[in-house]
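See below for the structure under consideration.
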């Protein structure tokens, strides 16, 4: 997993709970890296899971909520750091569809070893977009946060309904209705 | 947890993170550097490659240029204003000017003036629309010669400049050949046009097929004929598309065969109409003589066929009508005969009653008229029988001279013409055996003699028998009568024609006699000859073949004849007991042997055993009708296949009688029939000589009923008239016989003769006729006959007396 996810996550935790909590979850989770992350590095996925679980225990907040909050947080970082992906896109649906077809393609060019979820359109009309999230990492809640912030970014109002297609959450359908 | 240690850990993490990041970045920087080095190398390689390629191109260009300069084709470039900008060496030679000189000229200076306009049009088109093949052929004048060039034109752009680049080739030779070919082709076309025109006018459908019988071309007439367009039948065999299924007899042309074939087929047009065509198909060969297909010429004969069919139908109708007419005639004539016989009989009776002169004359006229009518009816019946094929020639061996003598005597008896001498002139041997139809010879000779006597008032009538060769005998009837003019000689053989129209008035007759004779002669495969001059009498003759080795045949034949006569037997097929009794009794009276069959099936079985002289066949019988039985007997090869069969029928239906004739019955007797009728038939058809002694006399009730009906008073009146005169006349007959006065005997017999018919005992009239005929001949045998028959005659009178008593007692 890219280092930016870790650095951003720890920044969010620090911003919200203070560095004490950051230090606490690093120590408690016993991550192999010892909590040393740089945005340009690459780290095992398991470490973010360990950190999230530790934060959940520390703050008595469920893991999905934490992932959801992190998703919302990360969108802002992305929209600030990677403006190229927003150029020429004027609506949320187009942007959501470009995740799989454009953003992930470009990410892979830069980081050929990146492991990205599948996030493809199943159906679309003017009012509705059906996106399928598919990943062994089961981070659909994280995706939900990203999507919500995406709508806000384009100043569009829509409801997002999550439907697990596989019970363990490795495949989830997002029904986005305007 | 102490704050300092947290800060310490944080710092530591930050430092380590920074170092980690530096490491990553350093690694990335190194990668970048290496990538850059690689790119530099690649760039150098590329530059080198470009240089090599450029040198190669340069060499190639030089080569091309050389090629262009030295090409056998003319390469000429000119500007948009058609001014030369470049010419190769070949072009210089062609145009007879140096490159420098040419560059001052335009292409127009060389193009043949007649083609300038065409050239102008071409370049206009070239500039204004996209030409698929920018190519033009133009004649140019150079070195005082006209040379045809074929130019491929390209517009070349170099920077801002545009010019035409052309590659031209000398096509003078080709043009020359083409011109000649065109000339030849136009001749061919004219010739083809001519034949096409002929074919078009002939309205012949032409179809071309390949070796597999698949249609490769069809002309317009054929397309119009079958209603399919050429596209619809191409690629298929005619059988697949338009030959009528039933006529599917393989390919139209036997592929591989060298013969032209003509066949007659039915085609099914697109709209389902069936047409008849006559197809003449011929194989087609290529230059090397290989078979490459066939051409079929189709001629529509549908109308012709229809016409033929219509004609056939018309012909059948006509023939049917003719057959119907003949049948009608035969049946009608037969039907007329019965009442006519009554008129003849009754008027004869009437003549012998006491009449005044006037009445006598009237009766004479009735008599005469009835006689004429009777002979007319007989003739018509004979004629229609011949024409409808009812008369079957039945050849048999017989002795001609004796037979002719009998015929002659019969005719002689019939006519009493004191001024005419009748001569029987046999110039051959006493006996002459022939094999022919006895009855037909009899009829021809009788007719000829009748005819001769009719037209001869004075002089001679002779029957001459001559043997002109060892194989033929000629029978001639000559007379000294009125004769026939040259131009009527053929007409007299026509039906209802006589030698002269006035004849009818003078001599009467129907004009059928000779026609019948001629037709009968034809049946015997001979012809009736005539020789006559007007006013000098006539001579009619026929030739008959004589049997070879006459004497020998005579020997065997005599025996056979005797046998046949002695063994003569009649087969009676009759299911009704009453009728059986009636018929058998009549036969017994005449001593004729018979065999009885109770139904048709039995009759067929019996008939298959041995030959009978005659078969009397009832029509309505159980098991098998008379018609069916006759059919079986006639169709089989049994002994009675040719035996005369007489139908006995109560039916008056003409259809039934016609049916009887059709299956091969020879005659029919309507029930109830009189004994006389039966005897006549037996005599006519079997030649059985009946013994007339000791027979039973009875009144023919049917006859009486027919003529008197229920009118007893009238019947009594007639019977009493009979009883008043006849016993007296019979006494007289007896007396005259005893005294041997034959002449008076003949006269009295003649007078009595019809009276028996009048009272229903026609049988006795027959006896009386025999007596009369014998007496008139001066034959002493007449007296014997009187003795022989007198008892029967008196029995007849007695019978009538009883009958009168019976009627009176009612």
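Chains as they are written, first to last, in our numbering: chain G, 1 to 178; chain W, 1 to 810. Glycine is no exception: its CB is placed at the ideal position from the N, C-alpha and C atoms.
- Residue contact with chain W for residue 25 of chain G: absent (no Cβ-Cβ distance below 9 Å to any residue of chain W).
- Closest option to residue 116 of chain W, judged by alpha-carbon separation, among W:139, W:149, W:135: W:139.
- Taking all protein chains shown into account, residue 783 of chain W has 16 or more neighbouring C-beta atoms within 10 Å of its C-beta and is therefore buried.
- The alpha-carbon separation between residue 230 of chain W and residue 186 of chain W amounts to approximately 26 Å.
- Per DSSP, reduced to three states, the secondary structure at residue 616 of chain W is strand.
- The secondary-structure analysis by DSSP pairs residue 177 of chain G across a beta bridge with G:128, G:159.
- For residue 9 of chain W, the chain G residues whose C-beta falls within less than 7 Å of its own C-beta are 23, listed in chain order.
- Non-local beta-carbon contacts of residue 443 of chain W in its own chain, meaning distances under 7 Å to residues more than five positions away in sequence, involve 520 in chain order.
- Runs of the beta strand (DSSP E) spanning 3 or more residues and lying entirely within the stretch 118–159 of chain W occur at 135–142, 145–158, in chain order.
- Residue 544 of chain W is bridged by DSSP to W:473.
- The beta-carbon of residue 45 of chain W is placed no less than 9 Å from the nearest beta-carbon of chain G.
- Take the alpha-carbon of residue 317 of chain W and the one of residue 673 of chain W: they are about 37 Å apart.
- Our two residues, residue 132 of chain G and residue 57 of chain G, have alpha carbons roughly 30 Å apart in a direct line.
- Residue 268 of chain W carries a strand assignment under DSSP once its states are collapsed to helix, strand and coil.
- Annotation for residue 606 of chain W: the continuous alpha helix (DSSP H) segment containing it runs 600–607.
- Judged by their CB atoms, residue 42 of chain G and residue 7 of chain G are not nearer to each other than the 9 Å cut-off.
- The Cβ neighbour count for residue 303 of chain W, taken over all protein chains shown within 10 Å, is under 16; the residue is labelled exposed.
- Residue pairing of residue 538 of chain W in beta bridges, as defined by DSSP: W:532.
- In terms of beta-carbon proximity, residue 156 of chain W stays away from the interface with chain G, with every pair separated by 9 Å or more.
- Pairing residue 457 of chain W with residue 412 of chain W gives a Cβ-Cβ distance that is not under 9 Å.
- Looking at W:599, W:621, W:620, W:595, the one whose alpha-carbon comes closest to that of residue 609 of chain W is W:595.
- Counting only the Cα atoms, residue 588 of chain W lies some 30 Å from residue 344 of chain W.
- Put simply, the CB of residue 36 of chain G is near chain W, with a gap under 9 Å to one of its CB atoms.
- For the pair residue 149 of chain G and residue 76 of chain G, the CB atoms are nearer than the 9 Å cut-off.
- Across the structure, residue 447 of chain W and residue 492 of chain W are spaced so that their CA atoms are roughly 14 Å apart.
- One Cα belongs to residue 130 of chain G, the other to residue 47 of chain W, and the distance between them is close to 52 Å.
- In the structure shown, residue 331 of chain W adopts helical secondary structure according to DSSP, grouped into three states.
- Three or more Cβ pairs drawn from the stretch 291–306 of chain W and the stretch 266–282 of chain W lie within less than 8 Å of each other, which places the two stretches in contact.
- Per DSSP, the beta-bridge partners of residue 79 of chain W are W:163.
- Annotation for residue 74 of chain G: 8 place their beta carbon closer than 6 Å to its own, counting only its chain and skipping 5 residues before and after.
- Along the stretch 622–651 of chain W, the beta strand (DSSP E) occurs as fully enclosed runs of 3 or more residues at 645–649, listed in sequence order.
- Within the same chain, and ignoring the five residues on either side of residue 146 of chain W in sequence, the residues whose Cβ sits closer than 6 Å to its Cβ are 139.
- The residues 644, 645, 646, 685, in chain order, have a CB closer than 7 Å to that of residue 666 of chain W in the same chain once the five nearest residues on each side in sequence are set aside.
- Under the 9 Å criterion on CB atoms, residue 30 of chain W is classed as non-interfacial with respect to chain G.
- Below the 7 Å Cβ cutoff, chain W contributes no neighbours of residue 150 of chain G, its closest Cβ being approximately 29 Å away.
- In the three-state DSSP reduction, residue 292 of chain W falls in the strand class (E or B).
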